[in-house]
Amino acid sequence: PKSLEDAPSSAHKKARSFAPGALSTVLARCFLAAAFVAVFVLLQQRAVRTGLNRQQIAASVEDRAEQVLHVAGTAGAPVGEDAPQAQNSSQLGQRLRQLSPPSAYFRAKFSRRKGETLNSQFHINPKAKQTSRHLFVIGDWSSHHTIYEPLGLSQTSGLPIARADRPACSGTQSLVWLDRNCPAQEEHALAEYSMPAEPKLINPEAFNSLFGPKADGMRRIQGTTLLQFHTPSSRNIAHFVGRVLHVHHVLKNLETYGLARDSLRNIVINMDAETIKRLRESERLGSYHRTLIEIVAHPLEVLVGESAYARLADESATGPAVLVLAGLEEACREGAILFDRAVVMGYVKASFFLRDVEYFSARRYFFSPVYDAPTITRDSMAFRENVDEYLRANQGAIGALNNSEQVELGSMRPRVVYVERSPREGNSRLLEPESKTRLYSALSVLCNASGYSFEVVRFEGLTAVEQISLVRDAAVYIGVHGANLVNAIFLPPLAVLIEIFPYRFFHEMYKEGGAASVKYFGLQLSHGAEFPQIEHYGSNAKVCMHESHACKVFYRDAELRLSDEDFSRLGVIMESAFEFLQRVGAPLMS
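Per the UniProt record's numbering, residue 1 is the first one in the sequence shown, and the count goes up by one each step.
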């Protein structure tokens, strides 16, 4: 019966004879019994599934794990010369290509959802229609880019000139906050843009006299031009990636900022002469800087130096391109330049990708049902798609790399990759020899026990594509805090990143791989030397590092010595990582 009223009269009377308290007790007991049975069944299913998964993993990677560990050293060696050692980078890449047979793949569990269903904290200022300078302040850390309509470059010097009016600010904060803080935010943005000089603001009449139709020798560049200026700090890979991935964000979200995709004319990247020289003289696929630009802009052509200046001056050129210049002065020697619309970009702060809730987009976003999964960001997934397309398009030039084979987005091998810092003179944050031996031995044992291969790699001497190939299908990526962890942006989504910090030091840059959609664990060493003058800061290391650069460098660049407590915590982290990967997905194929 659907209700007590539909039941036979005897049952109806019997049901009515129950006291309310007794009925509640019976229902509660029934609920608890059902819950107990459900939990028991789930635990049984998980135990069976886990056992099967581990057996399948172990069977599929047994040969490969043994061979790869032989490359790095003897698996599980306790101490001494038999412990895994990092190989010469080029030799390691060659041997991995020779020794790596197909092994099991995992596919991360995630789904796509319509962008309109995501509640973003993004506001467009209606005052933007009345100004020639529209500033965007994005994210909790306030990353910036400004749309100038128009922006002029003076003849000979190439100094930027804009119209004098009040800027309008849009972005992640409330409109009230954005309106009140817009002048201050523009100052911060200009400092981050690293332009040769702050744009000179002049009244509309003076601007028209310099860049109007009657101006002698003036060249007008129609459509939208993306502009970015790099300082010598961009020779550091981490700094460079933060800037170029802001270009990636704007390219993937032109509509968010009111820019028509078919209006894009050029992407102009200005670098110092030394970095330009490296890009020009390096082999096409050997330079990390050039390769990253090509990936971000794919399939656009990338021109460097003289050819880039010629393309900028060619008013008949059709289709967008990436122009890498050593400053804008050379481009302005024959006359002033007027960009109808220029988007001047800074860098993504404290991360590499912006989170989806920090801006609005109609693009589909990603969601993972896996418990305790990291946030999957649209931009990081779009970047991975660019990587795959770039590798396929350049397959002939790249050559046959084992790990560059086509894999489904979100797929990974049961591989644990430890990236070792190069022991070159002056390098810091190196593992003390005994700690390194114990660490490699412990990781070998832990990985073998869980059916994962363990590899020690050093990126020095490898091309960008070889570096990508070593991490793009890894399940776990481990390293000491530093620029080597930048390659976490190439990991599969929902892979695991484990970052080891020196004693006292901590930084949030690589959390979730810098919003790269990877699971993150941090291990800060429990013991180490103290800064000699720490008593001057109340024996507080955080205050010391905040107020003293010398103190920060002391802790950040210290030699790493792992204690028994550190190894114990590392074991817990590795177990958590493997359990997370069990939830992420079962092997798909072998």
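By construction, the Cβ of each residue, glycine as well, lies at the ideal position given by its N, Cα and C atoms. The structure displayed is predicted, hence computed values, not measured ones.
- DSSP places Tyr359 outside both helix and strand once states are collapsed to three, so it counts as coil.
- Linking Cys551 to Pro213 through their CA atoms gives a straight-line distance of about 57 angstroms.
- If you draw a straight line from the Cα of Val553 to the Cα of Ala483, it comes to about 15 angstroms.
- Per DSSP, Asn540 has no beta bridge partner at all.
- In this model, Lys252 and Asn540 are separated by some 43 angstroms (Cα to Cα).
- Annotated three-state conformation of Thr437 is helix, per DSSP.
- Note on geometry: alpha-carbon atoms of Leu226 and Arg583 lie some 42 angstroms from one another.
- Per the DSSP secondary-structure output, Gly479 pairs in a beta bridge with Val419, Glu499.
- Straight-line spacing of the CA atoms in Ser233 and Glu274 works out to 11 angstroms.
- Going by beta carbons, Tyr503 and Gly528 fall inside the 8 angstroms limit.
- Restricting attention to alpha helix (DSSP H) runs no shorter than 4 residues, the segment 187-254 encloses them at 204-211, 237-252, ordered along the chain.
- The alpha-carbon separation between Ser453 and Phe567 amounts to approximately 19 angstroms.
- The continuous stretches of alpha helix (DSSP H) do not include Asn119, and DSSP gives it neither H nor E.
- Of the candidates Arg561, Phe360, Ile124, Gly305, the residue whose Cα lies closest to the Cα of Glu330 is Gly305.
- Asp473 counts as buried, since at least 16 other C-beta atoms from the protein chains shown sit within 10 angstroms of its C-beta.
- Taken through DSSP and simplified to helix, strand or coil, His144 comes out as strand.
- Assigned with DSSP and collapsed to three states, Arg413 falls in coil, not helix or strand.
- The beta carbon of Arg235 is closer than 7 angstroms to those of Thr275 in its chain, skipping five residues each way along the sequence.
- About 5 angstroms separates the CB atoms of Ile573 and Phe521; that is less than 8 angstroms, so the two are in contact.
- DSSP places Gly522 inside the beta strand (DSSP E), whose first and last residues are 519-524.
- The shortest C-alpha to C-alpha distance from Ser444 to any of Ala128, Gly479, Tyr418, Ser428 is the one to Tyr418.
- Between the alpha carbons of Lys277 and Gly538 lies a gap of roughly 48 angstroms.
- Cβ neighbours of Arg333 within its own chain (closer than 7 angstroms, five residues either side excluded): Thr156.
- Around the CB of Asp379, 16 or more other CB atoms lie within 10 Å, so the residue is classed as buried.
- Minimum Cα-Cα distance from Glu575 among the listed residues Val416, Glu192, Gln228, Leu178 corresponds to Val416.
- The secondary-structure analysis by DSSP pairs Glu455 across a beta bridge with Val417.
- Where Phe505 is concerned, there is no enclosing alpha helix (DSSP H), because DSSP gives it neither an H nor an E.
- Boundaries of the beta strand (DSSP E) around Met345: 337-345.
- Here Ile276 carries a helix assignment [DSSP, helix/strand/coil].
- For Glu198, the CB contacts under 6 angstroms within the same chain, skipping 5 residues up- and downstream, are Leu190 in chain order.
- Under the three-state reduction of DSSP output, Ser450 falls in the helix class.
- Taking the C-beta atoms as reference points, Arg438 is found no nearer than 8 angstroms to Leu300.
- In this structure, Thr146 lies near Val344, with their beta-carbon atoms less than 8 angstroms apart.
- Bounds of the alpha helix (DSSP H) holding Tyr555 are 549-556.
- Annotation: Leu485 to Arg261 spans about 33 angstroms, alpha carbon to alpha carbon.
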